[in-house]
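**Q** Quick one: structure below, then a few questions.
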DNA sequence: TAGTGGTCTAGACCACCTC
DNA sequence: AGGTGGTCTAGACCACTAA
């Protein structure tokens, strides 16, 4: 472990880069390169502090960062250990359509199919927890990337005459913004349900694809702070152009924007 | 704000519950109940410290917890503010089949369809980055809950004669455990891709469902620490029995196991 | 200039684990 | 008993922000 000590002594206390950050990166790098293997233990906090010539609290802060990244796991009275990698807990991230497409260098756009005041049918009434036939604002639209239709969305919110729909509001067609500008309520929680579905004839025409092809169905329900549903939406994502990817285990350090250079 | 002060003075320094934890919960509760609104600022760290009669470092630790939960956002030289809620970034979690079913009170089981040594076809060769016709271990199995088939899986790993397949290894059919017991390599990274698909005739029979019905397709590729693919699997999850749910914005505090009682 | 959050120190006491 | 991590203190200096 003399090897580790050498690394630890590289820490510069006069650098503009915080000491805890330098230390965290040194340890992270050793773990990712496999020089510190799963199950191995770190030197004790006091040991690291005295080697580096820094305070124990600073060491603890560095370790805390790696605990957050699930690279280390401290055990009271025993020591701090490199974690065994875990593959059971997978996280799929799902980003805002507009941002995601821009990030990919594609030009996102939205096209209104229609906006109507309708009477809530059984499904809508149940989702929004309102009586059947309550006046409801219905918005249907297509999201496209570089002109290719990719998503078909239907959104429903309870209609109030006081706040009529303004054309400009429909430019950002996200359910939270619709709800907060049309109703006086602020959404605080959003529940999304991801399912699979088969595209029907109507959707196939709108999305310019074949009926009976598979697609993602993403339901979104917004709640206010009293946990009352205030908006419901369903989105159909074309299955041939949408995938969700996730990395587990010793993930490649994309979290918290940490750029690491390997030797 | 005298209201907040009263809450802050409830902190007991002699309690077995850590002071930073008590403070974090008090602040979290106020935010979740809407008594501290998005955009509002907290009293300064020094102020809170003197009100509670504790050290500033302890206050900082409590605040750090809420920053992690994205409830607070400190700004250098200005103050610490309650964050505006964000709905754009959705996270779908996907748990291990066995654990998830047990958690739901269902009895998970796995049934081998077959285990074979095959020659890698074009698809497998590409996924595992090996030459076509390389000997490959192929495992096909069904995962069931309370006897109802829910998932069909195919797994492929490069075959080595030294470590033959042992019956008992197939009891835990997870790709990481197969790979690490059959090969000498330890998987360090796992990449999963979630897509939609349509069930074909063969899969329909195995899953006891109708062909052409929609399903989730989850591909998993395992890599060792040199980033070489060492295992590939695809799983078909019945669309009628699988959903992914996610909560955003002011989520209901399920993270880090924090149980909060509201008044 | 006064106030804020960001970093860091050099101690302290505790509960827990191992020997 | 001695070592470990968990908590906490009472200071300190800094960079940043606002009046």
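Chains as they are written, first to last, in my numbering: chain R, 40 to 302; chain V, 40 to 302. Glycine included, each C-beta is placed from N, C-alpha and C at the ideal position.
According to a CB-to-CB cut-off of less than 9 Å, which residues of the segment 218-240 of chain V neighbour chain R?
**A** For the segment 218-240 of chain V, which is checked against every Cβ of chain R, the residues closer than 9 Å are 225, 226, 227, 228, 229, 230, 231, 232, 233, 234, 235, 236, 237.
**Q** What residues in the segment 270-288 of chain V have a beta carbon less than 7 Å from any beta carbon of chain R?
**A** Per Cβ criterion, the list reads 278, 282, 283, 284, 285, 286, 287, 288.
**Q** Using 7 Å as the threshold, is the C-beta distance between residue 130 of chain V and residue 132 of chain R below it?
**A** Taking 7 Å as the Cβ cut-off, residue 130 of chain V and residue 132 of chain R qualify as a contacting pair.
**Q** List the endpoints of the continuous beta strand (DSSP E) containing residue 255 of chain V.
**A** Taken as a continuous stretch (DSSP letters only), the beta strand (DSSP E) holding residue 255 of chain V covers 253-262.
**Q** Per DSSP, what kind of secondary structure is residue 99 of chain R in: helix, strand or coil?
**A** Note: residue 99 of chain R maps to helix in three-state DSSP.
**Q** Could you check where the beta strand (DSSP E) with residue 181 of chain V kicks off and where it finishes?
**A** 174-184 is the extent of the beta strand (DSSP E) around residue 181 of chain V.
**Q** Listed in chain order, which residues of the segment 116-136 of chain V have Cβ atoms closer than 7 Å to some Cβ of chain R?
**A** Residues 124, 126, 127, 128, 129, 130, 131, 132, 133, 134, 135.
**Q** Using three-state DSSP, classify residue 298 of chain V as helix, strand or coil.
**A** Since pLDDT at residue 298 of chain V reaches only 34, below the 50 mark, its modelled position is unreliable, and no value is offered.
**Q** Can you find a C-beta in chain V that's less than 7 Å from the C-beta of residue 215 of chain R?
**A** For residue 215 of chain R, the answer is yes, since a Cβ of chain V falls inside 7 Å of its Cβ.
**Q** Look at the alpha carbon of residue 71 of chain R and the alpha carbon of residue 99 of chain R, and state the distance between them as a whole number of angstroms.
**A** C-alpha separation (whole angstroms): 20 Å.
**Q** Anything in chain R within Cβ reach of residue 253 of chain V, meaning under 7 Å, just list it in chain order.
**A** What residue 253 of chain V touches in chain R: 235, 236, 237, 253.
**Q** From residue 288 of chain V to residue 227 of chain R, what does the alpha carbon distance come to, in whole angstroms?
**A** Computed Cα separation, rounded: 6 Å.
**Q** Which residue comes first and which comes last in the beta strand (DSSP E) that contains residue 79 of chain R?
**A** It is not in any beta strand (DSSP E) - residue 79 of chain R carries neither H nor E in the DSSP assignment.
**Q** Skipping 5 residues on each side, what residues in its chain have a beta carbon closer than 8 Å to that of residue 158 of chain R?
**A** Within the same chain, residue 158 of chain R has close Cβ partners 171, 172, 173, 174, 175.
**Q** Looking at the structure shown, is residue 160 of chain V part of a helix, part of a strand, or coil, going by DSSP?
**A** The answer is coil: DSSP assigns residue 160 of chain V none of H, G, I, E or B.
**Q** Three or more beta-carbon pairs under 8 Å between the segment 228-238 of chain V and the segment 255-267 of chain V, yes or no?
**A** Output reads yes: the segment 255-267 of chain V touches the segment 228-238 of chain V.
**Q** Looking at residue 270 of chain R and residue 11 of chain R, is the spacing between their C-beta atoms short of 7 Å?
**A** Since the first residue shown for chain R is 40 and the last is 302, residue 11 of chain R is missing from the structure and cannot be characterised.
**Q** Do we get a CB-CB distance below 7 Å when we pair residue 73 of chain V with the residues of chain R?
**A** Cβ-Cβ to chain R under 7 Å: yes for residue 73 of chain V.
**Q** Between which two residues does the beta strand (DSSP E) holding residue 277 of chain R run?
**A** Note, residue 277 of chain R: beta strand (DSSP E), 268-277.
**Q** Please work out which residues of its chain come closer than 8 Å, Cβ to Cβ, to residue 156 of chain V, disregarding the five sequence neighbours upstream and downstream, and give them in chain order.
**A** 174, 175, 176, 177, 198, listed in sequence order.
**Q** What residues are listed by DSSP as bridge partners for residue 112 of chain R?
**A** Looking at the DSSP assignment, residue 112 of chain R forms a beta bridge with R:120.
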